[in-house]
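Participant: In this note's numbering, the protein residues as written are 41 to 342.
All residues carry an ideal CB built from backbone N, CA and C; glycine is no exception.
Handing you a structure now.
Printed below as a string of structure tokens:
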């Protein structure tokens, strides 16, 4: 039994497809298949049920894979101990962020991380919360930046800042004359939203549950990113709601787009840092948190 074989079964359990698992492990499919079969023979049990269309983990295989993850985490701890002589801030840190945070926070992090950890490169990734959760759990990412709520066992959570929501409006729209916008006023407007899978979409709908109720959902296109929403609003397709960090943009001038706050209590989201409790590079986490806390995120409240 080797660590490589354990990585293979963990990856196959995640992908449920031999070719995809082999690609993620950077080996040929026969190499992966032979190694997993060898491990099953050594353990004298079946870890995976195979068919022409899918791969399923057996109940006993689930226990094997769960233990394999623990073994690989402990192996990473050994590597971290070995790297202590090099310093925790002298090797790359793998950082993930959701799509609606990464593009707006990463440039600030890169600027400020040089003050606290100039020799720690960052491997950056943007993805959905659900994907980042899995990658964090499996040790494929060291730390993630997400917005609450977020529940995952065996993790540490550090709240960073609260971020207000802002309303983006075409400058010729009648609501552009208002100094602030009520939720009731939004009910009569087409509000462009992100597609399913984006947690910011759910946060907007939670804050403003009555928006778009008067319209056929098929008449309101979904955005693939916050920047796509911005461009569609600029074209006159409707309004949208953005987090504070994404609302400040120099792409369009005030003759094209204007921003307005919510009237009354302003909806917001809380942005937090999450990492595994067993992650040994606490100095790296501290350096990342310090760099984020040094950032001037538009409208953020610490």
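Note the first and the last residue of the continuous beta strand (DSSP E) segment covering residue 163.
Facilitator: Residue range 162 to 167 is occupied by the beta strand (DSSP E) that includes residue 163.
Participant: Contact check, residue 132 vs residue 163 under 8 angstroms by CB: the rounded distance?
Facilitator: 5 angstroms
Participant: Cα separation between residue 139 and residue 173?
Facilitator: 14 angstroms
Participant: Helix or strand or just coil, what does DSSP make of residue 121?
Facilitator: helix
Participant: Going by the CB atoms, is the gap between residue 230 and residue 260 shorter than 7 angstroms?
Facilitator: yes
Participant: Under 8 angstroms: do the segment 271 to 284 and the segment 222 to 240 share three or more Cβ pairs, one atom per stretch?
Facilitator: Contact holds: three or more Cβ-Cβ distances are below 8 angstroms.
Participant: Could you check whether the segment 63 to 83 touches the segment 106 to 118, counting it as contact only if at least three pairs of C-beta atoms, one from each stretch, sit closer than 8 angstroms?
Facilitator: no
Participant: How do the segment 255 to 274 and the segment 325 to 338 stand: do at least 3 beta-carbon pairs fall below 8 angstroms, yes or no?
Facilitator: no
Participant: Starting from residue 297 and walking both ways along the beta strand (DSSP E), at which residues does that stretch end?
Facilitator: Unbroken beta strand (DSSP E) run through residue 297: 297 to 300.
Participant: Under a three-way DSSP split, which group does residue 98 fall into?
Facilitator: Residue state for residue 98 is assigned as coil, using DSSP reduced to three classes.
Participant: State the Cα-Cα distance for the pair residue 159 and residue 129, rounded to the nearest angstrom.
Facilitator: 6 angstroms
Participant: Just verifying my parser: in three-state terms, what is the DSSP assignment at residue 91?
Facilitator: DSSP places residue 91 outside both helix and strand once states are collapsed to three, so it counts as coil.
Participant: Can you give me the C-alpha to C-alpha distance between residue 87 and residue 120, rounded to a whole angstrom?
Facilitator: 30 angstroms
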